[in-house]
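The numbering used here numbers the first residue of the sequence shown as 8 and each following residue consecutively.
Backbone N, C-alpha and C define an ideal beta-carbon position, used for all residues, glycine too.
Values in this document were obtained by computation on a predicted structure and should not be read as measured data.
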Amino acid sequence: MRYSLIFHAREPQGGGPQPSPEVMEEMQKLMTDYADALDSAGVFIAAEMFEPQQATTTVTRRGGSVVIEDGPFAATKEALVGVFVIDVESRTAALAWAEKFPGTNYGVVEVRAAAVSYIDGGWVHAQASQ
8 MRYSLIFHAR
18 EPQGGGPQPS
28 PEVMEEMQKL
38 MTDYADALDS
48 AGVFIAAEMF
58 EPQQATTTVT
68 RRGGSVVIED
78 GPFAATKEAL
88 VGVFVIDVES
98 RTAALAWAEK
108 FPGTNYGVVE
118 VRAAAVSYID
128 GGWVHAQASQ
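Quick look at the structure:
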């Protein structure tokens with residue numbers, strides 16, 4: 008079953024104290040080690056770390072017209088920073104991987120099961136398991 012580990016945190020560019028280059032380098036190493044562990048365990052699907060939310064462009068359709076705007080959908084203190092998609096046998100296994108996520112030291116990881124996934128050219132409905 009696929010789960011997304013959705014990472015929310017304050018962005019370094021958010022006006023607060025900036026992490027030192029050493030801290031950023033250590034976090035990158037921890038994230039690489041984490042992704043390598045997921046891959047070695049055979050549960051890794053994908054990982055994406057996003058550009059700052061100030062670089063976001065939103066696209067909506069209102070009244071039949073497409074509206075394209077610079078900036079995030081909502082202004083928040085914490086931003087969607089990235090996502091790891093894993094394929095594990097249960098929610099318990101997904102939570103175990105989330106507990107190891109290095110970003111939990113300064114952010115929040117939301118664990119969400121996929122209801123439907125597009126795999127090998129078709130939509131596959133997930134079977135929830137505990």
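With respect to Glu-85, Gly-110 sits apart: the two C-beta atoms are not nearer than 8 Å.
Cα atoms of Lys-36 and Glu-76: separation of roughly 35 Å, rounded to the nearest angstrom.
Counting the other Cβ atoms within 10 Å of the Cβ of Val-74 gives fewer than 16, which makes it exposed.
Here the alpha carbons of Phe-51 and Ala-133 stand approximately 17 Å from one another. A check of alpha carbon separations from Ala-62 across Glu-18, Tyr-10, Trp-130 and Gly-71 identifies Glu-18 as the nearest. The criterion of a C-beta distance shorter than 8 Å is satisfied by Ile-93 and Tyr-10. Straight across, the Cα-Cα distance linking Val-131 with Ala-121 is about 10 Å.
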